[in-house]
Amino acid sequence: MEFRLLGAVSVATEIGELPLGPAKRRSLLAALLLRPNHPVSVDQLTAALWDDEPPQHARSVIQGHVSRLRVLLVGADAEMYGVELVTQGTAYVLRMPETLLDAHRFEELMTLARSQRAPADAVAMYQEALSLWQGPALSGAYPSQPLQAAAHALEELRLTCVELLAAGYTRMGEHTRAAAVLRAEADVHPLRESLSAGLVRALQRAGRRSEALDWFHRTRRLLADELGVDPGRELADAYAVVLRGEDDDAAQAPAPIPPPVPVPVPVPVPVMAQVPSTVPHSGTVDLLPRMPRGFHGRAGELTALSRAAAGEAPVCLVTGPAGVGKTALVVHWAHRNRDRFPGGLLYADLRGFSDTGEPTLVEVLREFLLALGVAPRRIPESAYGASALFRSLAADRQLLVVLDNVRGSEQVRELLPGGARCVTVVTSRYRLRGLIASDAARPVPVDVLEPEDSSALLAAVLGGERVLAEAVAARRLAELCGGLPLALRVTAARLADQPDWSLSAMSVELSDESRRLSLLDVEDTGVRAALRLTVRRLPEDAAHHFAHLGRHPGTHVDRYTAAALAGTDPDTAEAALDRLTAAHLVTRTAPDRWTLHDLVRLYARGLDTEPDTLVRMLDHSVATALAAAGAAEPGDESCFALPADFHPPQAIREFADRDQAIAWYAAERDDLTLAAAAAHTAGLHSRTWRIVLAMWPQMVWRVRDGWTPLLQTALEAARADSDIRAESRILALLGWVLTEEGHTHEALVHLEAAPRLASRAGDARGEATALVNLSLAQAALGSPEEAAEGCAQAARLARGANDRHTERLALYHLARHQLDAREWQSALETCTAVDALDAPSDTSAASRVLLLTVAGEALLGMGDETEGVRRLEEAAREAESCGYDDGAVRALGALLRVSADVGLQARYDTAMVRLMAGT
């Protein structure tokens, strides 16, 4: 167990992080961790959780958070680690070994490092100490004054460690590495003279005198502009060394060991202390919107943005779908990091996805130039001139430029400041690959919220007590909103307007897909409005494909399915999907696999007005499944004819061999099941049963994998379609599955009807197959003679229909029944007859495995153990190599009856586990 303050406030366990929930609870935990094993009063906790006047029920809120933390700690077996949250009068104490706290370990490593005489040992310890930092201290906690003060003190301690690490590199003579370490921090903290002084010295020692001089003058100008002061003695002395050009003895001498000043403890500021006022930015430009309210989570994205913003003149590209909270993230980050940009903070909404139209480039530049102090009469009228003046003014400033709601890369290129110390953050619903290519923009993707953060967002609007009282309903709401912050905020607004309405009632309302999007709209804000503006910007072809994707009942599409839905070809569909991916309307999960967010799918469904869309998709599923069946069982005839009104797709996926076909069946099983359900719901019965029957190869290979409900749906559809041929085949397949599942009596009802229906339909092959499946149930119920007779009749029917595959199947099962009756010689002769029907290349792997198994068992029964074992081993190897687990279990089980080999047992166990798991 590990408690973390150096980054996001969190508790790590062996099975993952504890779900701490909202920021207030994280703040309470942070306040307790800042004073471990010491009482923290309710007043102190109140100061840590609220900046302004706390609510009247603050004590109750704190008690609720403490109670929840206790539950989480107990559930994580915290007592095993000596951790306990106890009440002590009017205060709370988090009793714990301080070694479980990352801030404590950080302090210990710094102390140990300072005591090392060998520079390499000290450097290693400083590096280990800094590796404990996962982002800004106390991230995710409410930014109250006491916690901000504590976070600032911890940050000061981190910077001290960085400076000591650089000093260690210097003592080792690694001046370039010392400069690199200091440069990264000096960029972020330009007013910290000790960093700049160390950097100037490191650059001089590394032989980079011009860079050292340049950095000194940058810092000197910044100190004069921002604070009105000259460089202090440390920085001035470093400058003097550079001017004297001391690059021999003095510059190359090892740096002295830093004096042993005491390292502060992890709680340098008491929880009740007030945050000292920061240095005022007199005259600093600030065009940022107000700090977003109710912002929660996003610790990973905030850290990613900070990393992307490091370096020289970076362009950060924050992208994500409509309503995911890109603007809130960036504005929150900008407010938290305002001290990094003493030159000013500029913001412009480029309205790339707005009904109000986009501002012109000159309008945006004029606003920026006015904010930077340019007199109106001096602002150039042309966009080119205004852009040039803006870049000139930004060259020597440390600016943050936020360009929000960008439609395309061309919108922002003339707005990039370009100064070495400037940072530009761009937000867009598009991926803007052009900006990545031309300006090395660093992507920061933003996705939907995790369930805990979704619940915290609801709690920020509705109050923690209301959400905690219906925690399960809150998670259900988060699920129905798909973790989309915009949808969650609209939902919270509706609930806030109806204080007597429960979260459970709201989740019931949202569960109705026909009403969900309308419920996620309030006034001029909502999911539909946001998506409409995104879709409106799409090219016509991409919009056409998007509108049809909503009718796909499955969870994923490939380019062939997208083409079938839209009535186009796969290449056109793939190009459209690529555009939709760039617009964050679909997500690419594999090279030829895309998915849609549930709310996006509902919106797309409302755009499609073509009645044939679903039928085209279903017919594509039928055609592809038949192609897969043909590859999985080559030479076998199709199990049905295509309907008269079939819509042939322009192209379907090709399968090179059985392995590809079986892999496709496994990947598409859920979507094929959903397609059959959609067809059944729409009354498209002829498609429903065809989709299910076309999945028969996978049923053969995974017979105990829960096929009964799907086959019962297909049976209903065949009967509704008045197709007795289809009904007989489904009854035969369903009866076989039920027999394998051990429901033999239930199976017998279906299997006795199947041959009669097949005979009425004139389907000799279907009748033969049904008789074979019936024989299995009969044998299971103790009638081997009746079973053998049925198989013999099935073989005669198949032979008369010139159907070698079914004849082989019938004879195989006849041999199986003869084997069960201990008629070893008859079983072997039947196997020999089966083997003579076709060349081995014309038979499927499953048939070969089963035939080898029966022959091997017959030989064992006749006393020929050597040949019997050889055939069974061959059957087992082939079954294992092709993933036919049922066949492997049968062959290995037969081998184990004559051998106690440990290796055989392990192979049998593996095959059985795979068979039961359906993998």
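One rule links them: number in our numbering = place in the sequence shown (from 1) + 563. Built from N, CA and C at the ideal position, the CB exists for glycine as well.
Range covered by the alpha helix (DSSP H) that runs through residue i
i	result
D959	Careful: D959 lies outside any alpha helix (DSSP H) and carries neither H nor E.
F669	665 to 677
R567	From DSSP, R567 is part of no alpha helix (DSSP H) but of the beta strand (DSSP E) over 565 to 567.
S573	First-last for S573: 573 to 576, but that is the beta strand (DSSP E), not the alpha helix (DSSP H).
A1442	1428 to 1445
D1161	1161 to 1168
G1363	1347 to 1363
Y689	682 to 694
S1462	Element bounds for S1462: n/a, residue is neither H nor E.
P1318	1307 to 1323
A1484	In the structure displayed, the chain extends from 564 to 1482; residue 1484 sits before or after that span and is not available.
A1180	The question names Ala, but residue 1180 in the sequence shown is Met. It spans 1176 to 1195 - the alpha helix (DSSP H) in which M1180 sits, taken as one unbroken run.
C1394	1387 to 1398
P1014	1014 to 1025
P855	Careful: P855 lies outside any alpha helix (DSSP H) and carries neither H nor E.
Enclosing beta strand (DSSP E) for residue i [first to last residue]
i	result
Y655	654 to 658
R1156	1156 to 1158
C879	878 to 882
E647	647 to 651
Y910	907 to 912
V988	986 to 991
V1007	1005 to 1008
R1151	1150 to 1153
Per-residue burial, residue i [other beta carbons within 10 Å of its own, 16 or more giving buried]
i	result
P829	Confidence in P829 is poor, its pLDDT being 37 and thus under 50, which makes the residue's placement unreliable; the coordinate value appears in the next sentence. By the 10 Å Cβ count, P829 comes out buried.
L806	exposed
T1483	Shown here, the chain extends from 564 to 1482; a query on residue 1483 therefore has no answer.
W1157	buried
E1103	exposed
G888	buried
D665	buried
V574	buried
Q1261	buried
D1472	exposed
L790	exposed
E944	exposed
E1535	No answer is possible for residue 1535: the residues shown for the chain start at 564 and end at 1482.
W1064	exposed
V834	Unreliable positioning characterises V834 in this predicted model, as indicated by a pLDDT of 36, which lies under 50. A coordinate reading is not provided.
E1033	buried
Proximity winner among the options, relative to residue i (alpha-carbon distances)
i	options	result
L720	A741, G860, H667	H667
A1067	S604, A1036, F1203	It should be pointed out that residue 1067 corresponds to Ser in this sequence rather than to Ala. For the residues S604, A1036, F1203, the minimum Cα distance to S1067 belongs to A1036.
P1174	L1049, A1245, G1193	A1245
R899	G698, Q690, T1416	G698
R1216	L1043, A1092, A1192, L1278	A1192
Q1213	V572, A1126, A1283, R1221	A1126
H1111	A1167, R1100, A730, P1154	A1167
D1220	F904, A714, A1408	A1408
A1023	A683, T1276, V624, W1252	V624
L1377	L880, E1279, T1393	T1393
Proximity test, Cβ basis, 7 Å: residue i and chain C
i	result
R1411	In the structure shown, chain C cannot be found, because there is only a single protein chain.
Could you name each continuous alpha helix (DSSP H) segment of 4 residues or more that falls completely within the region 1238 to 1291, going from the start of the chain to the end?
1248 to 1256, 1259 to 1264, 1271 to 1283
Between the region 1347 to 1365 and the region 1331 to 1339, do three or more beta carbon pairs fall short of 8 Å?
yes
Stretch pair the region 1043 to 1055 + the region 1081 to 1092: three plus CB contacts closer than 8 Å
yes
I'd like to know if the region 1177 to 1194 and the region 1114 to 1129 are in contact, where contact means that at least 3 CB-CB pairs between them fall below 8 Å.
yes
Enumerated in chain order, which unbroken segments of the beta strand (DSSP E) with a length of 3 residues or greater are wholly contained in the region 921 to 952?
none
Contact between the region 854 to 872 and the region 914 to 926 is defined here as three or more beta-carbon pairs at a separation below 8 Å; is this criterion met?
no
So does the region 992 to 1001 actually touch the region 1137 to 1146, counting three or more Cβ pairs closer than 8 Å?
yes
For a minimum of 4 consecutive residues, which ranges assigned as the alpha helix (DSSP H) are wholly contained in the region 698 to 755?
708 to 734, 738 to 751
Does the region 1367 to 1383 touch the region 1405 to 1425, meaning 3 or more C-beta pairs lie closer than 8 Å?
yes
Below 8 Å, can you find three or more Cβ-Cβ pairs linking the region 932 to 941 to the region 1001 to 1016?
no
Looking at C-beta atoms only, is the number of pairs between the region 908 to 919 and the region 951 to 967 that lie closer than 8 Å three or more?
yes
Ordered list of alpha helix (DSSP H) runs contained in the region 583 to 625, each at least 4 residues:
586 to 596, 605 to 612
Taking 8 Å as the threshold, find out whether the region 694 to 711 comes into contact with the region 645 to 659 through three or more Cβ pairs.
no
Does the pairing of the region 871 to 890 with the region 600 to 619 give three or more beta-carbon distances under 8 Å?
no
Touch check for the region 783 to 799 and the region 749 to 769: three-plus C-beta pairs under 8 Å?
yes
For the pair the region 1226 to 1239 and the region 1255 to 1271, tell me if three or more CB-CB distances fall below 8 Å.
yes
Within 8 Å, do at least three Cβ pairs link the region 722 to 741 to the region 679 to 691?
yes
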